[in-house]
Amino acid sequence: MKSTTDFTKMKKLGEKIVMLTAYDHPSAQLAEEAGIDCLLVGDSLGMVVLGYESTAAVTVDDMIHHGKAVRRGAKETFVVVDMPFASYHGSEDRTLESAVRIFQETGANALKLEGGGRVIDTIRLLTETGIPVVAHLGLLPQSAAVAGGYKVQGKTAEAAERLILDAIACEAAGACMIVLECIPYQLAEQVSKAVSIPTIGIGAGAETDGQVLVFHDTVKYGNHHIPKFVEAFADVGTDIRDGLKRYTSAVKTGEFPSEAHRFAMKEEELVTLYG
Ligand code: KIV
Ligand code: NA
């Protein structure tokens with residue numbers, strides 16, 4: 043399994059880090075087989091898999107349930123689990139309680155938190171506790187209700203400078219990686235140069251040290267909204283729909299199950315059965 047040190051080495055060598063979300067056992071297994079460097083059990087779980095309107099509905103228990111499945115499916119891959127909405131705000135006790143539960147019960151390698159500012163103290167708190175932390179700057183889906191939706195962040199020189207300073211502060215607080223979501227590529231490049239820990243972009247251009255995408259977007263699985271910055275590399279949604287249509291029609295027409303799919307009793311048992 044790759045470690046945070048390996049990821050930092052990859053950054054130095056200019057070797058791209060590939061991160062992908064995963065929410066269950068088979069997707070984690072497939073991702074590991076495909077050579078994904080790092081898996082993220084994202085709270086995008088809420089929209090992508092559980093059918094919620096936003097990530098704000100996702101609970102610590104949801105993250106643990108899915109985090110455990112991913113860990114079991116990808117034993118040799120670095121797994122990051124998102125701390126969900128409001129689970130790292132309020133008191134230090136509350137934050138530590140959620141973090142320790144998620145970290146211990148899932149067997150994750152790191153936890154991810156959204157935001158700069160006061161969250162930077164939380165990054166330090168968790169790191170000092172022994173929990174590696176991935177920071178997340180730029181568009182912060184957990185704050186979308188306050189920010190007024192999902193918009194590209196850091197477009198003005200002032201906002202960009204604040205984000206660079208936040209990134210530097212995240213590294214100083216002990217963060218092992220930074221996810222940069224939906225920021226101009228020029229800013230993502232600046233941030234990547236300003237810190238020595240790897241930056242992982244999503245909607246942040248090609249200049250980051252790695253990329254992350256949502257599993258279901260990458261393979262076109264599901265009917266949720268697909269953002270502009272996504273490229274689909276397979277179309278399993280169409281394959282699944284076609285397969286399920288064929289299954290339906292095979293049962294209706296009596297083509298399935300065939301003799302090949304059935305079990306039989308021996309002749310002498312039948313005599314007894316029918317009397
Ligand atoms: O929850 C998630 O999927 C994420 C990634 C998009 C970075 O946080
Ligand atoms: Na997330």
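Heads up: the sequence shown runs through residues 43 to 317, numbered per my numbering.
By construction, the Cβ of each residue, glycine as well, lies at the ideal position given by its N, Cα and C atoms.
Please read these numbers as outputs of a predicted model, since none were measured by experiment.
Proximity test, residue i beta-carbon vs the ligand NA heavy atom, cut-off 8 Å
i    : result
E156 : yes
S86  : yes
D104 : no
P183 : yes
D259 : no
H178 : yes
D124 : yes
Beta strand (DSSP E) segment containing residue i, residue limits
i    : result
K154 : A152 to E156
I242 : T241 to I244
Where the alpha helix (DSSP H) through residue i begins and ends
i    : result
F257 : F257 to T260
C212 : A199 to A214
L138 : E134 to T148
K287 : V278 to T295
L229 : Y227 to A236
The ligand KIV heavy atom lying under 8 Å from the CB of residue i
i    : result
S82  : Looking at the sequence itself, residue 82 is Leu, so the reference to Ser does not match. Checking every heavy atom of the ligand KIV against the Cβ of L82, one is found closer than 8 Å.
E223 : yes
I173 : no
I268 : no
D251 : no
T97  : yes
I244 : yes
Sub-9 Å separation of residue i and residue j beta-carbons
i    : j    : result
V122 : L82  : yes
S96  : A201 : no
T148 : K110 : yes
G216 : I268 : no
V338 : V272 : Any property of residue 338 remains undetermined from this structure, which presents the chain solely from 43 to 317.
R204 : G191 : no
V175 : I225 : no
A98  : Q184 : yes
A246 : Y227 : yes
A209 : G158 : yes
For residue i, the residue or residues it bridges with in DSSP
i    : result
G252 : I59 and I242
F49  : According to DSSP, which records beta bridges pairwise, F49 is partnered with nothing at all.
D124 : K154
I220 : A177 and T241
L81  : L62 and V121
Heavy atom of the ligand ZN within 8 Å of residue i beta-carbon
i   : result
H67 : Of the ligands this structure carries, namely the ligand KIV and the ligand NA, none is the ligand ZN.
Any C-beta of chain D under 9 Å from that of residue i
i    : result
D259 : Looking for chain D here will not work: only one protein chain is present.
Does the count of Cβ pairs from the region 125 to 142 and the region 51 to 59 closer than 8 Å reach three?
The region 125 to 142, when compared against the region 51 to 59, does not touch it at the 8 Å Cβ threshold.
Taking contact to mean 3 or more Cβ pairs, one atom from each stretch, closer than 8 Å, check whether the region 219 to 228 and the region 243 to 255 are in contact.
yes
Counting pairs of Cβ atoms below 8 Å between the region 66 to 74 and the region 102 to 121, do you hit three or more?
yes
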